[in-house]
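Quick note on our numbering: the sequence shown kicks off at 153 and runs consecutively.
Data block below; observations after.
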Amino acid sequence: MSNKKSIRFFNDHEVRAVWDEERNQWWFSVLDILGAINEQDDHEKNRNY
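Structure, rendered in structure tokens:
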């Protein structure tokens, strides 16, 4: 199994992503997406959602 790791940007915030070769799809970090939507950089605070 081969996975590619990548950093994507959403609203100028970094969002971690991993490519799943087996399923041909990207997986994104929910905590990073919540942080981008709420403009919050602290991962611990994002966990409260």
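Glycine is no exception: its CB is placed at the ideal position from the N, C-alpha and C atoms.
None of the values given here were measured: they were computed from a predicted structure.
Assigned secondary structure, residue i (DSSP; H/G/I helix, E/B strand, else coil)
{"i": "ASP172", "result": "strand"}
{"i": "GLU166", "result": "strand"}
Inter-residue Cα distance where the pair is residue i and residue j
{"i": "ILE185", "j": "TRP171", "result": "16 Å"}
{"i": "GLN192", "j": "VAL182", "result": "13 Å"}
Cut-off 6 Å between Cβ atoms - residues of its own chain near residue i, not counting five sequence neighbours on either side
{"i": "PHE180", "result": "VAL167, ALA169"}
{"i": "LYS157", "result": "VAL170"}
Same chain, Cβ closer than 8 Å to residue i, neighbours up to 5 away in sequence not counted
{"i": "ILE159", "result": "GLU166, VAL167, ARG168, ALA169"}
Residues that DSSP places opposite residue i in a beta bridge
{"i": "LYS157", "result": "VAL170"}
{"i": "GLN177", "result": "ASP172"}
Limits of the unbroken alpha helix (DSSP H) element including residue i
{"i": "ASN200", "result": "Element bounds for ASN200: n/a, residue is neither H nor E."}
{"i": "ASP184", "result": "182-190"}
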